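Before any comments, here is the structure.
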Amino acid sequence: MTYLKAKVPCDCGEAYLGETGCTVETRIKEHKRNVRLKQSEKSAIAEHALDKGHKILFNEIKVLCTTPRYWERIVKEAIKIEVEEKNFNREEGIKLHKAWRPFIRRLKEGNNGIGEKRQEHQQIE
Numbered sequence: 178m179t180y181l182k183a184k185v186p187c188d189c190g191e192a193y194l195g196e197t198g199c200t201v202e203t204r205i206k207e208h209k210r211n212v213r214l215k216q217s218e219k220s221a222i223a224e225h226a227l228d229k230g231h232k233i234l235f236n237e238i239k240v241l242c243t244t245p246r247y248w249e250r251i252v253k254e255a256i257k258i259e260v261e262e263k264n265f266n267r268e269e270g271i272k273l274h275k276a277w278r279p280f281i282r283r284l285k286e287g288n289n290g291i292g293e294k295r296q297e298h299q300q301i302e
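Read in order, the letters of the sequence shown correspond to residues 178 to 302 in this note's numbering.
Given below as structure tokens:
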């Protein structure tokens, strides 16, 4: 089993940020099926594609990190959702403790959280 966090882009410039215990291929098949069968209630990706008429760029998915540790994945997902404002996630992920706020603020400002400016291509991992 593969445990990962991924970013699924849309042609509108927004993206879905999610984590799964499945392989990326399995999860994408599920999302594609939900779009094809018009089951927007089963997936934020399907809801966005169907309600907005946008095209999900399944061939441009980026795996942001892999880890078998569930809590690590969901904390990273919540941070990424908070930092990446152009997303169409239905939920904000887990509620992060207020102790995370300074770190998230630095990430939003382009700082890697330890006093160094991050590069454009750098991602939370």
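Ideal placement from N, C-alpha and C gives every residue a C-beta, glycine not left out.
Quick caveat: nothing in here was measured; it's all calculated off a predicted structure.
Cβ neighbours of residue 197 within its own chain (closer than 6 Å, five residues either side excluded): 204. Positions of the beta strand (DSSP E) runs, each at least 3 residues long and wholly inside the segment 181–255, are given as 181–186, 192–197 and 239–243 in order along the chain. Listed in chain order, the non-local C-beta contacts of residue 273 below 8 Å within the same chain comprise 252, 255, 256, 259 and 281, local neighbours out to five positions each way being set aside. Taking C-alpha positions only, residue 277 is separated from residue 263 by approximately 20 Å.
Each residue's CA atom was taken as its position, placing residue 267 and residue 229 some 14 Å apart.
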